[in-house]
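My numbering numbers the first residue of the sequence shown as 3 and each following residue consecutively.
Backbone N, C-alpha and C fix where the C-beta goes; we use that ideal spot for every residue, glycine too.
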Amino acid sequence: MDQTRIRNFSIIAHIDHGKSTLADRMIELTGAVEARDMREQVLDSMDLEREKGITIKAQAVRMSFTAADGDEYQLNLIDTPGHVDFAYEVSRALAGCEGAVLVVDATQGIQAQTLATLYLAMNLDLEIVPVVNKVDLPSADPERVSKQIQDLIGFRADEVLFASGKSGQGVLDILEAVVKQVPPPKGDRNAPLRAMVFDAKYDVFKGVMAYIRVFDGRVDSVQRLRLMQTGSRFEPVELGFFTPALRKVDHLEAGEVGYIATGLKGVAESRVGDTVTVDAAGATEPLAGYEPAKAMVFAGIYPTDPDDYSDLREALEKLTLNDAALQWQPETSAALGFGFRCGFLGLLHMEIIQERLEREFDLDLIATAPSVEYEITKTNGEVVTIDSPAELPTSNEVDEIREPWVAVSITVPARFIGAVMGLVDERRGQFEKMEYLDHAEDEGDSRVLASYKLPLAEILVEFYDQLKSRTSGFAAMDYQLDGYRAARVSRLDILVNGDPVDALSAIVPTEDAPQQGRKLVSALKELIPRQMFDVPIQAAIGGKVVARETVKAMRKNVLAKCYGGDITRKRKLLEKQKAGKKRMKMLGSVEVPQEAFMAVLKVRD
Numbered sequence: 003m004d005q006t007r008i009r010n011f012s013i014i015a016h017i018d019h020g021k022s023t024l025a026d027r028m029i030e031l032t033g034a035v036e037a038r039d040m041r042e043q044v045l046d047s048m049d050l051e052r053e054k055g056i057t058i059k060a061q062a063v064r065m066s067f068t069a070a071d072g073d074e075y076q077l078n079l080i081d082t083p084g085h086v087d088f089a090y091e092v093s094r095a096l097a098g099c100e101g102a103v104l105v106v107d108a109t110q111g112i113q114a115q116t117l118a119t120l121y122l123a124m125n126l127d128l129e130i131v132p133v134v135n136k137v138d139l140p141s142a143d144p145e146r147v148s149k150q151i152q153d154l155i156g157f158r159a160d161e162v163l164f165a166s167g168k169s170g171q172g173v174l175d176i177l178e179a180v181v182k183q184v185p186p187p188k189g190d191r192n193a194p195l196r197a198m199v200f201d202a203k204y205d206v207f208k209g210v211m212a213y214i215r216v217f218d219g220r221v222d223s224v225q226r227l228r229l230m231q232t233g234s235r236f237e238p239v240e241l242g243f244f245t246p247a248l249r250k251v252d253h254l255e256a257g258e259v260g261y262i263a264t265g266l267k268g269v270a271e272s273r274v275g276d277t278v279t280v281d282a283a284g285a286t287e288p289l290a291g292y293e294p295a296k297a298m299v300f301a302g303i304y305p306t307d308p309d310d311y312s313d314l315r316e317a318l319e320k321l322t323l324n325d326a327a328l329q330w331q332p333e334t335s336a337a338l339g340f341g342f343r344c345g346f347l348g349l350l351h352m353e354i355i356q357e358r359l360e361r362e363f364d365l366d367l368i369a370t371a372p373s374v375e376y377e378i379t380k381t382n383g384e385v386v387t388i389d390s391p392a393e394l395p396t397s398n399e400v401d402e403i404r405e406p407w408v409a410v411s412i413t414v415p416a417r418f419i420g421a422v423m424g425l426v427d428e429r430r431g432q433f434e435k436m437e438y439l440d441h442a443e444d445e446g447d448s449r450v451l452a453s454y455k456l457p458l459a460e461i462l463v464e465f466y467d468q469l470k471s472r473t474s475g476f477a478a479m480d481y482q483l484d485g486y487r488a489a490r491v492s493r494l495d496i497l498v499n500g501d502p503v504d505a506l507s508a509i510v511p512t513e514d515a516p517q518q519g520r521k522l523v524s525a526l527k528e529l530i531p532r533q534m535f536d537v538p539i540q541a542a543i544g545g546k547v548v549a550r551e552t553v554k555a556m557r558k559n560v561l562a563k564c565y566g567g568d569i570t571r572k573r574k575l576l577e578k579q580k581a582g583k584k585r586m587k588m589l590g591s592v593e594v595p596q597e598a599f600m601a602v603l604k605v606r607d
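Dropping the structure here:
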């Protein structure tokens, strides 16, 4: 295909604004997928994506489109996730495009994540095509939303398109706008090959499958290729593009999007962001690549069966190839045995990874409560970072502890702003600014964009659930890391039957620690099964017990066969039972169930 007739673009939007449905209509209109093979959310191929109704992985598809001028164009669409946890997927997808279709829901208007993804695209200097979607809904107000787009982002009224991903209305206009407004790729087809790996996955038969955007030159199926960062060399097993099924071809040229089946078996041999070139007389300068994703949430993941440890390691290696944002390293817990300390972009990312490990690799796992990364300056001047309560040094070794803070943007109707402020105050947050996105006839219905700064640890647990609950589901949230600030925190240790359970430890604000300890031991009392002896559950800070509950023993009635008679006989039986329980308490061990590890998350209830 002539390079001037290629268009590479993404669809970006807030979660649930209809990106995947709009992509369905585009695929249907261009005939990229046969009518008999068409289904809803055709680009959401993972079971988890279909169950949860969200896009998790960016997906690509090539479409042929005959424009109004009679010319045929090759459109390479990359559908992106909308949830804040998967913003890294969006940034990778946008790096392979020249334009983006910005989708805004005609009933909800501009949301926090709409602006976040828009700024991401604008920073990459992409051409933006604004679209108001879902105009066929009874509650839609497309004119009001169009006015928001004009006022907030600066588009003219005639630039805003109206569409319905459900009915297909306006989809042809969007494709025409993409052809007219999005510039063709600029790569030099005569230069040495340079192709960016924007995603990858592992195939049992074909090895590492690298999803690429060719920037310069041409890649042939018979060439010997090299990855410039890792130095891995290979001959392609297969070369092709997405329809969205894999379609085999002999070559890909500058400006095109496709895949290479590398045949590489080692996961470390290929990285997302690497540059593919020919082995002999290839390019000397690699492409810019991507900033590595910074993990914000950390948790321990352990196999329920210790024999599955090596299987879990292999599963994490394969998932890391498909999800470059996942970080992990081995760790050991006295309570849970051998496992891995994993870093995630957010709580949803953590939940998705755990579910994928359990489903795709048939593993039974235990996950510990999530925590954040702290910076610690020791009294000797050394600066260390820790992401696990077990690594927190003793108070006499610490000069200062700093915790991560985030800048949070919340869009909400004005009538709920008091409830949002109350929630932020409870979570040690600070108000920054507030601006009205529009002005409704009823002042309470006017949409407000409120900006706050909060400790990251405070938004990890139930913050989003509480935000949705207190605003009747109307609030939308986006957050970004905003640096580190000094914090007063302590390690809260949990002792079961006198033994510390390291997996239940948590780092909490010092002033809240006793209250958190009382809540946690109360929750654990209900979850830890009764034994034949009393089981004390204690919360301690620096060796000082601040809360205690006791799981009472199950008691056998040893006097059941005594029908009257000498009292000393009964006393003798009771003393014998008491001595047996004492011996059992010293020798017996208490098994802590999986639910207990998640009780740490519920201490705010």
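Residues bridged to residue i [DSSP beta-bridge criterion]
| i | result |
| --- | --- |
| I378 | V386 and I403 |
| F67 | Y75 |
| D107 | N135 |
| Y466 | Paired residue(s): none; Y466 is not in a bridge. |
| V414 | V450 |
| G242 | K250 and Y261 |
| M479 | I412 |
| F236 | L227 |
| Q61 | D81 |
| G101 | F11 and E129 |
| A549 | A541 |
Minimum C-alpha distance to residue i - residue among the options
| i | options | result |
| --- | --- | --- |
| G545 | G485, S397, E528 and T334 | S397 |
| A317 | K296, P288 and D366 | D366 |
| Y204 | V216, T286, L254 and Y261 | Y261 |
| M230 | P288, W407 and D309 | P288 |
| V374 | A256, G348 and E362 | G348 |
| E528 | E551, H441 and V137 | E551 |
| F67 | R358, E178, M198 and A123 | E178 |
| F465 | S93, A525, A541 and E428 | E428 |
| D504 | E399, R417 and L394 | L394 |
| D611 | R196, A197 and I368 | The chain is shown only over 3 to 607; residue 611 falls outside these bounds and no answer can be derived. |
| I378 | R358, I403 and E399 | I403 |
| I8 | A15, T306, E100 and L120 | E100 |
| T286 | A193, R220 and L266 | A193 |
| R27 | G172, P305 and R430 | G172 |
| A301 | Q183, A392 and L248 | A392 |
Where residue i sits in the DSSP three-state scheme
| i | result |
| --- | --- |
| N559 | coil |
| S12 | strand |
| F433 | strand |
| T258 | The displayed chain sequence assigns Glu, not Thr, to residue 258. Note: E258 maps to coil in three-state DSSP. |
| S527 | Per the sequence shown, residue 527 should be read as Lys rather than Ser. If DSSP states are grouped into helix, strand and coil, K527 belongs with the helices. |
| Q533 | coil |
| G590 | Residue confidence for G590 is low, a pLDDT of 46 falling below 50, so the modelled location carries little weight and cannot support an answer. |
| S474 | coil |
| P538 | strand |
| K521 | helix |
| I112 | coil |
| S492 | strand |
| G33 | coil |
| I569 | helix |
| S272 | coil |
| G302 | strand |
| A95 | helix |
| L497 | strand |
| D484 | strand |
| P502 | strand |
| R606 | Annotation note: pLDDT 47 at R606 (below 50); position unreliable, coordinate value reported separately. Here R606 sits in coil by DSSP. |
| R27 | helix |
| P395 | coil |
| E287 | coil |
| I543 | strand |
| K455 | strand |
Residue i beta carbon near the ligand SAM (any heavy atom closer than 6 Å)
| i | result |
| --- | --- |
| V299 | In the structure on display, the ligand SAM does not appear, and there are no ligands present to speak of. |
Secondary structure, beta strand (DSSP E): runs of 3+ residues fully inside the segment 306 to 376: Within the segment 306 to 376, the runs of beta strand (DSSP E) at least 3 residues long that lie entirely inside it are, in chain order, 329 to 335, 339 to 346 and 367 to 369.
Contiguous alpha helix (DSSP H) assignments of at least 4 residues, all confined to the segment 114 to 146: Qualifying alpha helix (DSSP H) stretches, in chain order: 114 to 125.
Three or more C-beta pairs below 8 Å linking the segment 315 to 333 and the segment 491 to 500: With the rule of 3 Cβ pairs closer than 8 Å, the segment 315 to 333 does not count as touching the segment 491 to 500.
Contact between the segment 126 to 134 and the segment 143 to 157 (3+ Cβ pairs under 8 Å): Judged by pairs of C-beta atoms under 8 Å, the segment 126 to 134 touches the segment 143 to 157, as three or more such pairs exist.
Whole runs of the beta strand (DSSP E) within the segment 168 to 233, excluding any shorter than 3 residues: Note on the segment 168 to 233: whole beta strand (DSSP E) runs with a minimum of 3 residues are 196 to 205, 209 to 218, 220 to 222 and 227 to 229, in chain order.
Stretch pair the segment 160 to 167 + the segment 135 to 143: three plus CB contacts closer than 8 Å: Output reads yes: the segment 135 to 143 touches the segment 160 to 167.
Contact the segment 263 to 277 vs the segment 220 to 238: 3+ CB pairs below 8 Å: Result yes; three or more Cβ-Cβ pairs closer than 8 Å.
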